[in-house]
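**Q**
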Amino acid sequence: MIWWLRAHAVTAWVTGLVVCFAAAPVLAGSSVPTLAMFSGVSGSIPVPLVLPVMPACLLLYGLGCTSASGGSSHAASVRSTAAWRAGAVVCTGVVAVVVALGEAAWLDFPLGFAVARNLLGYLGVGLIVRQLLGVQYSAIAVAAVPLLCALIGPGPGGRPHGWMWPAQGSGEWSAALAAVVLFGVGMLATLRLPDRTESSRASP
Amino acid sequence: MRVKTLLRTGSGVWVGVLLIAGLLFFSSGNTDTTIAYWGSITAQSTLLLPVVGAVCGAAAAWESARLRESGVAAWAPVRGELRIVGQRLAPLVVDGLLGIVVALGLFTPGDAFGLPGGPDAAVLVTAVVVLLGHLAAGYLVGRWLPKLLGPALMLVGGYFWGFWPAALAEPSWLRHLNGQGVGDCCRLDQEPSLRSLGATAAFSAGLVVAAVIVVVLRRTGRRRLVATAASLTGLACAIALAVPLGFGGEQARDRALLQCTGSRPQVCLWPEQQGRASEFRRWVKDADRKVRAVGVGPAERIEFAEPVPSRESVLVEAATSGVRLDPPACAERPYATYPGDEAALVIHPWLALTAGVAPDALLDWPSESVRRAEEVRRLPADAQAAWFARNMRSVRDCSVKPDLSPAAYAHRASS
C-alpha cells in the first residue's frame, strides 16, 4: 500500500489539497481581475475558485507518474489498477466536499462548496483530456479552464455567464450539476479507456 | 538545426496559432479608454502583455522539461547548451513578439496613421523584456518541475502575476514590477513614466540573467548561488525604483511640444490636436466673447484634454476655465456645511448655456439646475453679471448662502 502511495505521489496531492483548503478561507476576499476585452464589462473571479487548480494538477501528476513507464504494465496487472486510481480520485472528491462543507459551516466561508465543486469539475476535465488526448496534456488543460473563464470575462451586468460553472457562487445548482457530470464522465473515461501516453501513440 | 525540423518538433507553431487566434477572438468587445495619442495607445496595449507572457512562459516550461527529459546534455552534444536552449526557445520569442504587435494593433484606432510620432519605443522595449522574463522563468520552472506541472504553474502563475498586483491597493508599487504600471496612462499632457518602465525592465532582466547563468555555469553549487544573487539584485533594483512611484505610472510630457496662440485666453494645443486647431480657436473665441458680455473673465491660458473634442466640450471648457468652481478648503472638513454646492450646480450649466451650448446637450447636470440656469439666462446682461458675482461668493465661502432665484436680480436691474 505504501509503495502504491509513493509511486503515485499521494503525499504531493494530499499536501496540495490541504494547502488549497487552508488558503481558500484566508483569500476569500481577494479577486483576480478579468479582462474586459471580450464582453466589454470588467469583472473579477474570486481567488478561492481558481485555487483548486493546484490540487487537481498534483493529483493528475500523481496518476500520471506510473503511466510514463508505458500503459503495457497496467494491461498486464493482476489487480485492476484503473479501479484503484478511480477509487483514489473518488476518495479525494469525497474528502474535499466534506472539508468544504465543514469550512462553510464553521469558518463562515460561503464559497466553501464552490471550491470543492470546482475541484471536482477541474478533475473531471483533466481526466477526460487525459484519456482522449494524452497524459501529458491533462494538467495544462486544467490550468486553461479558469484562464479561459478569465479571458471571456463576465456576462452582462457583471455576473458570470450561466454556463461558466467555475466562476459561479456556491448556491448555483447548474454549476454543481455541470461539475458533477464532468467528474462522472472523467471517472468513466478512466475506467473504460486505456491510457494514452506518448509511447502508446508512437507504437505501430 | 533546420528551421522546419525545429518548428515540427516544438510547440512554437501551436502556441503561435492559439495565442494570435485567442487575442483576436477575445478582443471583439474592445473597450475604448484609449485616446488618439500614441503614448496612450502603446501604454494601454500592455494590458494584454500578461496573457502573452503566461502562454509563452508555459510553452517555455514545456520545452525546458522536454529538454531535460531527453537528457541531451548527457549524450555529448556538439553544440553548447546555451545554443540548444536558445534554438528551442526562439520560436516562442517570435510568438511573443507577434503577440505584442497584435496587441498594439488591437488598441490602435483605424485613423491612427495620421497621428504625429509613433508607438512609444520605451514601452515596446519594456514589453519585450517582460516577455523574455516570462520565458526565462518558464525555462527555470521547466528545469525543476515535472513536464506535467511546469506549464500549468506558468500558465496560472503568469496570469496571476500579471493581473493581480494591479488589483491590490497595497503594495501599490507592485504593479510597476510586472509591466502593468503604465496601464492607466495617458492623458495628452502625460507620457508613460520611464521610472516605472525601468523598474519592470530591471525585474525581468534579473530573471533573464539568472536563467542564462543557470545554463552557462557548470559548477552546480556556485551556479545556484550566482543565479539567485542575480535575480535578487534585479528585484532589489526594481523595488528601489518602484516604491516611490506608488500608483502613478505617468510622467509629465515635454511642455515644449505645446503650441500656444492668442492671449487672454491663450489657447495651447498638443501636436495631436493641431489638425483641428482652427476649430478650437474659433470656438474658444465665440465662447470668450459671449461670457465676457455677462461679466465672466477668461482664464490666462486653456489646454484641452481630448484630441478630437466636440463643439460642446470645447465651449464648456472655454467658458468655465476662468471660474473656480471646485469646493474651497472649508468644505473639505468633516461635517462641514457647504451651501455653495447648490450654487455651483447652477452656475456650471449657466456658463455652458451662455457659451452657446444647446440645453438638451447638458445631460450631465440635473434637469432642475438646467431649468434654473435657463431662467437666469432670460435676465438682462448686467442682472446676470450681478447674479453670477453674488453666487460665486457662496461658492468660495462656506458661510455665505446662495441667492439663486432670478426674480431678485430682475428687480435690482430695473431699479
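In the order they appear, the protein sequences are chains V and P. According to the working numbering, the first sequence is numbered sequentially starting from 1. According to the working numbering, the second sequence is numbered sequentially starting from 1001. Don't be surprised by glycine CBs; every beta carbon is placed ideally from N, CA and C.
If I measure Cβ to Cβ from residue 1184 (chain P) and keep anything under 7 Å in the same chain, skipping five residues before and after, which residues do I get?
**A** As a working mapping, residue 1184 (chain P) is identified with position 184 in the second sequence. Result list for residue 1184 (chain P): 1249, in chain order.
**Q** Go through the region 1167-1241 of chain P residue by residue and report every complete run of the beta strand (DSSP E) that reaches 3 residues or more, in order.
**A** 1190-1192
**Q** So does the region 55-67 of chain V actually touch the region 171-181 of chain V, counting three or more Cβ pairs closer than 8 Å?
**A** no
**Q** Measure from the C-beta of residue 45 (chain V) to each C-beta in chain P and report whether the shortest distance is under 8 Å.
**A** Counted from its first residue, the first sequence places residue 45 (chain V) at position 45. So no, residue 45 (chain V) is outside the interface.
**Q** Going along the chain, which unbroken runs of the beta strand (DSSP E) with 3 or more residues stay wholly within the region 1031-1086 of chain P?
**A** none
**Q** What does a CB cutoff of less than 7 Å around residue 1307 (chain P) pick up in its chain, not counting 5 residues either side in sequence?
**A** What you label residue 1307 (chain P) is simply residue 307 of the second sequence in a count that begins at 1. Cβ within range, chain order: 1035, 1036, 1037, 1188, 1272 and 1273.
**Q** If the criterion is Cβ atoms closer than 8 Å, does the pair residue 1303 (chain P) and residue 1330 (chain P) meet it?
**A** As a first step, residue 1303 (chain P) must be located in the second sequence, where it is residue number 303. As a first step, residue 1330 (chain P) must be located in the second sequence, where it is residue number 330. No. Outside cutoff.
**Q** Cβ closer than 7 Å: which chain P residues qualify as neighbours of residue 116 (chain V)?
**A** Within the first sequence, numbered from 1, the residue matching residue 116 (chain V) stands at position 116. Using a Cβ-Cβ cut-off of 7 Å, residue 116 (chain V) is close to nothing in chain P; its nearest Cβ partner there is about 19 Å away.
**Q** Any Cβ of chain V within less than 8 Å of the Cβ of residue 1155 (chain P)?
**A** Here residue 1155 (chain P) refers to the residue found at position 155 when the second sequence is read from its first residue. Yes, because at least one Cβ of chain V sits closer than 8 Å to the Cβ of residue 1155 (chain P).
**Q** First and last residue of the alpha helix (DSSP H) that includes residue 146 (chain V)?
**A** For the purposes of this step, residue 146 (chain V) is taken as the residue at position 146 of the first sequence. Here the alpha helix (DSSP H) through residue 146 (chain V) covers 138-152.
**Q** For residue 2 (chain V), is the classification buried or exposed, using 16 other Cβ atoms within 10 angstroms of its Cβ as the cut-off for buried?
**A** Here the question's residue 2 (chain V) lines up with position 2 in the first sequence. Label assigned to residue 2 (chain V): exposed.
**Q** So, does the CB of residue 1401 (chain P) fall closer than 8 Å to a CB anywhere in chain V?
**A** Residue mapping note: residue 1401 (chain P) aligns to position 401 of the second sequence, counting from 1. Chain V, which has no Cβ nearer than 8 Å to the Cβ of residue 1401 (chain P), makes this no.
**Q** Using a C-beta cutoff of 8 Å, does residue 31 (chain V) count as contacting chain P?
**A** Sequence index remark: in the first sequence, residue 31 (chain V) carries index 31 (1-based). It does: the Cβ of residue 31 (chain V) has a partner Cβ on chain P nearer than 8 Å.
**Q** Give the DSSP bridge partners of residue 1261 (chain P), in chain order.
**A** Within the second sequence, the letter at position 261 stands for residue 1261 (chain P). Residue 1261 (chain P) is bridged to P:1267.
**Q** Quick one: measure Cβ to Cβ for residue 218 (chain V) and residue 158 (chain V), integer angstroms, because I've assumed they're closer than 8 Å.
**A** This structure leaves residue 218 (chain V) out entirely; chain V is present only between 1 and 204.
**Q** Mind listing the chain V neighbours of residue 1159 (chain P)? Cutoff is C-beta to C-beta under 8 Å, in chain order.
**A** Within the second sequence, numbered from 1, the residue matching residue 1159 (chain P) stands at position 159. Simply 32, 147 and 150.
**Q** In three-state DSSP terms, what is residue 1252 (chain P)?
**A** Sequence index remark: in the second sequence, residue 1252 (chain P) carries index 252 (1-based). Residue 1252 (chain P) carries a strand assignment under DSSP once its states are collapsed to helix, strand and coil.
**Q** By the 8 Å beta-carbon criterion, what residues does the region 1120-1149 of chain P contribute toward chain V?
**A** Answer set for the region 1120-1149 of chain P: 1146, 1147, 1148 and 1149.
**Q** Let's test the definition: count the other Cβ atoms within 10 Å of the Cβ of residue 1085 (chain P) and tell me whether it reaches 16, buried, or not, exposed.
**A** Here residue 1085 (chain P) is taken as the residue at index 85 of the second sequence, counted from 1. Its Cβ being crowded by 16 or more others within 10 Å, residue 1085 (chain P) is buried.
**Q** Helix, strand or coil for residue 216 (chain V) per DSSP?
**A** Because chain V here runs from 1 to 204, residue 216 (chain V) falls outside it and cannot be looked at.
**Q** State the start and end residues of the unbroken beta strand (DSSP E) segment that holds residue 46 (chain V).
**A** Translated into positions along the first sequence, residue 46 (chain V) becomes position 46. Here the beta strand (DSSP E) through residue 46 (chain V) covers 43-46.
**Q** For residue 163 (chain V), count neighbouring Cβ atoms within 10 angstroms of its own Cβ and tell me buried if that reaches 16, exposed if not.
**A** Here residue 163 (chain V) corresponds to residue number 163 of the first sequence, with the count starting at 1. Counting Cβ neighbours within 10 Å, residue 163 (chain V) comes out exposed, since fewer than 16 surround it.
**Q** Does the Cβ of residue 1317 (chain P) have 16 or more other Cβ atoms within 10 Å, making it buried, or fewer, making it exposed?
**A** The residue labelled residue 1317 (chain P) in the question sits at position 317 within the second sequence. Per the 10 Å Cβ criterion, buried.
**Q** What is the C-beta distance between residue 1152 (chain P) and residue 139 (chain V), in whole angstroms, given that I count them as a contact (C-beta under 8 Å)?
**A** Indexing the second sequence from 1 puts residue 1152 (chain P) at position 152. Indexing the first sequence from 1 puts residue 139 (chain V) at position 139. Residue 1152 (chain P) to residue 139 (chain V), Cβ: 4 Å. Contact.
**Q** Mapping the DSSP letters down to three states, classify residue 130 (chain V) as helix, strand or coil.
**A** Position 130 of the first sequence holds residue 130 (chain V). Helix, per DSSP.
**Q** Indicate whether at least one CB of chain P lies closer than 8 Å to the CB of residue 136 (chain V).
**A** Taking the first sequence and counting its residues from 1, one reaches residue 136 (chain V) at position 136. Chain P contact via Cβ: present.
**Q** Within a Cβ cutoff of 8 Å, which residues of the same chain sit near residue 1118 (chain P), ignoring the five residues on either side of it in sequence?
**A** The residue given as residue 1118 (chain P) occupies position 118 in the second sequence. Correct list, in chain order: 1038.
**Q** Would you kindly check if the distance between the Cβ of residue 1165 (chain P) and the Cβ of residue 1174 (chain P) is under 8 Å?
**A** In the second sequence, residue 1174 (chain P) corresponds to position 174, counting from 1. In the second sequence, residue 1165 (chain P) corresponds to position 165, counting from 1. Yes, they are a contact pair.
**Q** Using 8 Å as the threshold, is the region 1127-1139 of chain P in touch with the region 1037-1053 of chain P, meaning 3 or more CB pairs across them?
**A** yes
**Q** Quick one: any contact between the region 83-100 of chain V and the region 185-192 of chain V, if contact means 3 or more CB pairs under 8 Å?
**A** A contact exists between the region 83-100 of chain V and the region 185-192 of chain V.
**Q** I'd like to know if residue 122 (chain V) contacts chain C, where contact means its C-beta is closer than 8 Å to some C-beta of that chain.
**A** Any reference to chain C falls outside this structure, whose protein chains are V and P.
**Q** Beta-carbon within less than 8 Å of residue 1112 (chain P)'s beta-carbon, same chain only, minus the 5 sequence neighbours each way: which residues are those?
**A** Residue 1112 (chain P) sits at position 112 when you count from the first residue of the second sequence. Same-chain partners within the cutoff: 1036, 1038 and 1041.
**Q** If we call anything under 8 Å between Cβ atoms a contact, is residue 23 (chain V) one with residue 51 (chain V)?
**A** If you number the first sequence from 1, residue 23 (chain V) lands on position 23. If you number the first sequence from 1, residue 51 (chain V) lands on position 51. Result yes, Cβ atoms of residue 23 (chain V) and residue 51 (chain V) sit closer than 8 Å.
**Q** For residue 1001 (chain P), is the classification buried or exposed, using 16 other Cβ atoms within 10 angstroms of its Cβ as the cut-off for buried?
**A** The residue you call residue 1001 (chain P) lines up with position 1 of the second sequence. Residue 1001 (chain P) should be labelled exposed.
**Q** Figure out for me which residue from P:1375, P:1257, P:1350 and P:1094 has the closest Cα to the Cα of residue 1364 (chain P).
**A** For this step, residue 1364 (chain P) is matched to residue 364 along the second sequence. Among P:1375, P:1257, P:1350 and P:1094, the Cα nearest to that of residue 1364 (chain P) is on P:1350.
**Q** Under the assumption that residue 1090 (chain P) contacts residue 1176 (chain P) (Cβ atoms under 8 Å), give the Cβ distance between them as a whole number of angstroms.
**A** Here residue 1090 (chain P) refers to the residue found at position 90 when the second sequence is read from its first residue. Here residue 1176 (chain P) refers to the residue found at position 176 when the second sequence is read from its first residue. Not confirmed; about 29 Å, so no contact.
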